[in-house]
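Undergrad:
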Amino acid sequence: MSRALRTVYAKELRDAMRDRRTALMIFIASILTGPVTLVLAAQFISGLEAKADALKVRMAGKQYAPALVNFLQRNDVQIEDAPADYEARVKEGRLDAVIVVPEDFDERFLAGDSAGVDIVYDDSRTDSSPSIRQAERLLRAFNRETGMLRMIARGVSPDLSEPLKVEHVNTATPRQKGAFLLFLIPMFAILSPLLGGMSIAIDSTAGERERGSLEPLLGNPVARWRIVLGKWLAAWTFAAGAAILTLGGFVIATSVYSGHRLASLMTFGAPEFAQFVAMVVPFAAMTSAVQMLICTYGRSYREAQTYVSYLATVASFVPLIVMFTGMKDAFWQLLVPVLGQQVVLARVTRGDAVTLLDWAMPALIAFAIAGIAVAAVSRLLGDERIVFGRS
Amino acid sequence: MIEAVTLAKRFAARKPGAEDVVAVRDVSFRAPDGAITGLLGPNGAGKTTTLRMISTLVQPTAGRAMVDGIDCAAEPLKVRARIGMLSDARGIYARLTARENIRYYGALRGMAPEAVERAIERLSEWLDLRTLLDRRTDGFSQGERMKVAIARTLIDDPGNVVLDEPTNGLDVMTTRSLREVIRRLRDAGKCVLFSSHVMQEVSALCDEIVIVARGAVVASGRAAELLAASGRDNLEDAFVHLAGEESA
């Protein structure tokens, strides 16, 4: 590394560290991301369990169905009367599910006809689904019991009505159940270098232009590419540092939750951390270089900040796309920046095997893009319009 | 020594159909070592563009600039090592101290750390910087920032010093100490080239005056020669006459 390059690198790092507020913001945001996410996730999971565990149903019109009430009480189910405005409350999300019994229930039931019962719920709210399923399960159990009794009373073997005996065998390992949580770690791994590299990327390009320090800097007998390389290495250092801090925060947070049910759903220890860092450090090389390239077009810090936030928005869409489309893994995904990282990191969190190629392809592409962006910045700084242009 | 030979610079039009901007049409002069040469001209005459071509950051469209006989366009790094340029943009880093700002340029110019510290000592003596050295520059006045910018320009004792409107926006005291520095540089045998649109500035300081108007040199020589050429008895009239003649 040449002396001029080291000089630029050291100056940019020092300058960035002196910007206490920004540096502290990056540091705190990075270190806190993991713990905060896990606390919320743990609460979410406990909430789900609490809802499912307490056997409780809300009914409207329970006086019309003594047989059903009797069945539920025998099964230790707590029955609560639904308020009169239950439909509105379900819509607002204050009630999960309500079993509605019509007035003619008992009449039809005693006659041996099938009697209708409604379950009122709003399935757009995912956190209500345990309650809905519970109500359904209880009604089905009632169905089966009553049906059996009726068949026995008529001298028919109840097995006739059940050609299949269904037992639940869930093949998802506990880790895979927690995978939706683990989408979050790849997402933060991808966003954290964008946050970390931003301040240097802006300050060392648009900031120099705005301050009027770019022209004198370029007047020194140092090749432009060395100056740009030094600046980029500084931005990369910050970007990678922020990512490593963020991931470290997750390791610490998961170890705190080791006794909790959350821990059985997700593992994020030293091996996962190492694999994540190996993916994210090359990725940070790319994000910081691309940020610098975009910011070079900015005439002021503020303008560059706007450009960079667009980049962060685009990048944060990728994990969402993967999450919502349920994309199947394919080789081509490794070739797309951001998507490649997301896919491989998701695989790491699921505990699936990651090959050398899975690591090398996205890393290689990240470095190639970084190289192109650095070369482009170096060219742009030779452009009279960028160096002197205020427009 | 700095030389310009029929320098010209045309900026391509931003929009198609618009006319190109000719910033410099024809500038030739010679600024010798051990002398102060002043580029004098009204705003927009092409002084800054000329100096930028000498500092290698702008490529001339025709003609050439040379520093100590080295072509600015062909060997920019060598030229940059030989000139200290105080450009019209003189931003310094607000979060660094004055010393760190100056040191940065010393290191970029390839000086050994001890040599940088010695040079900072010498320059802070000249520029009365001592009390400012270890303070961060974000609270500095314009004059104080200017001193830091001059110190970093002169850090490696360059043989050629180019100053673009150095006294712009400075108070009387700072202007005086700047003039002092410029004279010292001349006495040390440097080639000093500076631009100004202020008549008195140039006449008080310069050995050679080059009058530029609308992108071309309209007259050059010592003050007395310019008076004679214009047939006026004071320099201001001579300047107005010479610069105006071209634009009329």
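In the order they appear, the protein sequences are chains A and B. Residue 206 in my numbering sits at position 210 of the first sequence, with consecutive numbering throughout. Just remember that my numbering sits 138 ahead of the position in the second sequence, which is counted from 1. Even glycine gets a Cβ: it sits at the ideal position worked out from N, Cα and C.
(1) Would you decide whether residue 244 of chain B is buried or exposed? Buried here means 16 or more other CB atoms lie within 10 Å of its CB.
(2) For a contact defined as C-beta to C-beta under 7 Å, what are the partners of residue 193 of chain A on chain B?
(3) Compute the Euclidean distance between the alpha carbons of residue 320 of chain A and residue 339 of chain A, then round it to the nearest angstrom.
(4) Return yes when the Cβ of residue 190 of chain A is within less than 8 Å of the Cβ of residue 311 of chain A, no when it is not.
(5) Got a sec? Which residues, its chain only, sit under 8 Å from residue 328 of chain B by beta carbon, not counting five neighbours each side?
(6) For the segment 195 to 209 of chain A against the segment 8 to 18 of chain A, are there 3 or more C-beta pairs whose distance is under 8 Å?
(7) As an exercise, report each continuous beta strand (DSSP E) stretch of at least 3 residues that is fully enclosed by the segment 273 to 337 of chain B, in chain order.
(8) Which one or two residues does DSSP pair with residue 114 of chain A in a beta bridge?
(9) Among the candidates A:140, A:308 and A:243, whose CA atom is the shortest distance from the CA of residue 277 of chain A?
(10) Which one of A:-1, A:31, A:17 and A:65 has the shortest CA to CA distance from residue 246 of chain A?
(11) What residues match up with residue 203 of chain B in a beta bridge as DSSP calls it?
(12) Roughly how many whole angstroms lie between the Cα atoms of residue 265 of chain A and residue 272 of chain A?
(13) Is the shortest distance between the beta-carbon of residue 209 of chain A and the beta-carbons of chain B less than 8 Å?
(14) Give me the residue from B:143, B:247 and B:375 with the minimum Cα distance to residue 223 of chain B.
(15) With distances taken Cα to Cα, identify the nearest neighbour of residue 187 of chain A among A:37, A:100, A:370 and A:308.
(16) Inspect the CB distances between the segment 372 to 384 of chain B and the segment 326 to 343 of chain B and report whether three or more fall short of 8 Å.
(17) Starting from the Cα of residue 158 of chain B, find the closest Cα among B:225, B:348 and B:150 and give me that residue.
(18) Taking all protein chains shown into account, do 16 or more other C-beta atoms lie within 10 angstroms of the C-beta of residue 197 of chain B, making it buried, or fewer, making it exposed?
(19) Rounded to the nearest angstrom, how far is the Cβ of residue 211 of chain A from that of residue 227 of chain B, given a contact under 8 Å?
(20) Taking 8 Å as the cut-off, decide whether the C-beta atoms of residue 101 of chain B and residue 184 of chain B are in contact.
(21) Going along chain A, which residues have a C-beta under 9 Å from residue 359 of chain B?
(22) By the criterion of Cβ-Cβ separation under 7 Å, what are the contact partners of residue 219 of chain A in chain B?
(23) Check the Cβ of residue 380 of chain A against every Cβ in chain B and list those closer than 9 Å, keeping chain order.
(24) From the beta carbon of residue 7 of chain A, is the nearest beta carbon of chain B less than 8 Å away?
(25) Shortest alpha-carbon distance to residue 364 of chain B belongs to which of B:347, B:355, B:352 and B:351?
(26) To the nearest angstrom, how far is the alpha carbon of residue 386 of chain B from that of residue 353 of chain B?
(27) So, for residue 225 of chain B: in the same chain, excluding its five sequence neighbours on each side, which residues have a beta-carbon less than 6 Å away from its beta-carbon?
(28) Quick one: give me the first and last residue of the alpha helix (DSSP H) that residue 338 of chain A is part of.
(29) Is the segment 78 to 96 of chain A touching the segment 114 to 123 of chain A in the sense that three or more CB pairs, one from each, lie closer than 8 Å?
(30) Roughly how many angstroms lie between the CA atoms of residue 152 of chain B and residue 293 of chain A, to the nearest whole one?
(31) Quick check on residue 336 of chain A - is its C-beta less than 8 Å from some C-beta in chain B?
(32) Is DSSP giving residue 168 of chain B helix, strand or coil here?
(33) Excluding five sequence neighbours on each side, which residues of the same chain lie with their C-beta closer than 7 Å to the C-beta of residue 370 of chain A?
(34) Classify residue 289 of chain B as buried or exposed, calling it buried when 16 or more other Cβ atoms lie within 10 Å of its own Cβ.
(35) Should residue 215 of chain A be labelled buried (16 or more other beta-carbon atoms within 10 Å of its own) or exposed?
(36) For the segment 224 to 238 of chain B, which residues have a CB atom closer than 7 Å to at least one CB atom of chain A, in sequence order?
TA: So, from the listed chains and residues:
(1) Taking the second sequence and counting its residues from 1, one reaches residue 244 of chain B at position 106. The residue is buried, with at least 16 neighbouring Cβ atoms inside 10 Å.
(2) For the purposes of this step, residue 193 of chain A is taken as the residue at position 197 of the first sequence. The contacting residues do not exist; residue 193 of chain A stays about 18 Å from chain B at best.
(3) Translated into positions along the first sequence, residue 320 of chain A becomes position 324. Translated into positions along the first sequence, residue 339 of chain A becomes position 343. Pairing residue 320 of chain A with residue 339 of chain A, the inter-Cα distance amounts to about 13 Å.
(4) As a position in the first sequence, residue 311 of chain A is number 315, starting the count at 1. As a position in the first sequence, residue 190 of chain A is number 194, starting the count at 1. At the C-beta level, residue 311 of chain A and residue 190 of chain A come within 8 Å of one another.
(5) Within the second sequence, numbered from 1, the residue matching residue 328 of chain B stands at position 190. For residue 328 of chain B, where only same-chain residues beyond five positions count, the Cβ hits under 8 Å are 171, 172, 296, 297, 298 and 299.
(6) Output reads yes: the segment 8 to 18 of chain A touches the segment 195 to 209 of chain A.
(7) Counting only runs of 3 or more residues that sit fully inside the segment 273 to 337 of chain B, the beta strand (DSSP E) segments are 298 to 302 and 329 to 334, in chain order.
(8) The count along the first sequence starts at 1 and reaches residue 114 of chain A at position 118. Per DSSP, A:96.
(9) As a first step, residue 277 of chain A must be located in the first sequence, where it is residue number 281. Checked all of A:140, A:308 and A:243; the closest Cα to residue 277 of chain A is A:243.
(10) The count along the first sequence starts at 1 and reaches residue 246 of chain A at position 250. Cα-wise, what sits closest to residue 246 of chain A is A:31.
(11) On the second sequence, position 65 is the one that residue 203 of chain B refers to. Looking at the DSSP assignment, residue 203 of chain B forms a beta bridge with B:142.
(12) Translated into positions along the first sequence, residue 265 of chain A becomes position 269. Translated into positions along the first sequence, residue 272 of chain A becomes position 276. Between residue 265 of chain A and residue 272 of chain A, the C-alpha separation is close to 11 Å.
(13) Residue mapping note: residue 209 of chain A aligns to position 213 of the first sequence, counting from 1. With respect to chain B, the C-beta atom of residue 209 of chain A has a partner C-beta closer than 8 Å.
(14) Within the second sequence, residue 223 of chain B is the residue found at index 85, counting from 1. Looking from the CA of residue 223 of chain B, the closest CA among B:143, B:247 and B:375 belongs to B:247.
(15) Counted from its first residue, the first sequence places residue 187 of chain A at position 191. For the residues A:37, A:100, A:370 and A:308, the minimum Cα distance to residue 187 of chain A belongs to A:308.
(16) In short, these stretches touch, since the Cβ pair count reaches three.
(17) Position 20 of the second sequence, counted from the first residue, corresponds to residue 158 of chain B. Scanning B:225, B:348 and B:150 for the CA closest to the CA of residue 158 of chain B turns up B:150.
(18) As a first step, residue 197 of chain B must be located in the second sequence, where it is residue number 59. It is exposed - the Cβ of residue 197 of chain B has fewer than 16 other Cβ atoms within 10 Å.
(19) For the purposes of this step, residue 211 of chain A is taken as residue 215 along the first sequence, with counting starting at 1. For the purposes of this step, residue 227 of chain B is taken as residue 89 along the second sequence, with counting starting at 1. Yes, residue 211 of chain A and residue 227 of chain B are in contact; Cβ-Cβ is about 4 Å, under 8 Å.
(20) Since the first residue of chain B shown is 139 and the last is 386, residue 101 of chain B is not available in this structure.
(21) If you number the second sequence from 1, residue 359 of chain B lands on position 221. What residue 359 of chain B touches in chain A: nothing, since even the nearest Cβ is about 29 Å away.
(22) For the purposes of this step, residue 219 of chain A is identified with residue 223 of the first sequence, where counting begins at 1. Counting only Cβ-Cβ distances below 7 Å, residue 219 of chain A has contacts in chain B at 215, in chain order.
(23) Position 384 of the first sequence, counting from 1, holds the residue named residue 380 of chain A. Neighbours of residue 380 of chain A on chain B, chain order: 149, 190, 195, 196 and 197.
(24) Here residue 7 of chain A refers to the residue found at position 11 when the first sequence is read from its first residue. Among the CB atoms of chain B, one or more fall inside 8 Å of the CB of residue 7 of chain A.
(25) Mapped onto the second sequence, residue 364 of chain B falls at position 226. Closest option to residue 364 of chain B, Cα to Cα, is B:347.
(26) Counting from one through the second sequence, the residue named residue 386 of chain B turns up at place 248. Counting from one through the second sequence, the residue named residue 353 of chain B turns up at place 215. Model confidence at residue 386 of chain B stands at a pLDDT of 40, short of 50, so the residue's coordinates are unreliable; what they give is reported in the following sentence. Taking C-alpha positions only, residue 386 of chain B is separated from residue 353 of chain B by approximately 14 Å.
(27) Residue mapping note: residue 225 of chain B aligns to position 87 of the second sequence, counting from 1. Result list for residue 225 of chain B: 302, in chain order.
(28) Within the first sequence, residue 338 of chain A is the residue found at index 342, counting from 1. For residue 338 of chain A, the enclosing alpha helix (DSSP H) starts and ends at 335 to 346.
(29) Yes, since at least three Cβ pairs between the segment 114 to 123 of chain A and the segment 78 to 96 of chain A fall closer than 8 Å, the two stretches touch.
(30) Here residue 152 of chain B refers to the residue found at position 14 when the second sequence is read from its first residue. Here residue 293 of chain A refers to the residue found at position 297 when the first sequence is read from its first residue. Computed Cα separation, rounded: 16 Å.
(31) Within the first sequence, the letter at position 340 stands for residue 336 of chain A. Using beta-carbon distances, residue 336 of chain A does not count as an interface residue toward chain B, since no partner is under 8 Å.
(32) Within the second sequence, numbered from 1, the residue matching residue 168 of chain B stands at position 30. Secondary structure of residue 168 of chain B (DSSP, three-state): strand.
(33) As a position in the first sequence, residue 370 of chain A is number 374, starting the count at 1. Around residue 370 of chain A: 224, 225, 228 and 285.
(34) Position 151 of the second sequence, counting from 1, holds the residue named residue 289 of chain B. Residue 289 of chain B is buried by the Cβ-count criterion.
(35) For the purposes of this step, residue 215 of chain A is taken as the residue at position 219 of the first sequence. Around the beta carbon of residue 215 of chain A, a 10 Å sphere encloses 16 or more other beta carbons of the protein chains shown; the residue is thus reported as buried.
(36) Per Cβ criterion, the list reads 225, 227, 228, 229, 230, 231, 233 and 234.
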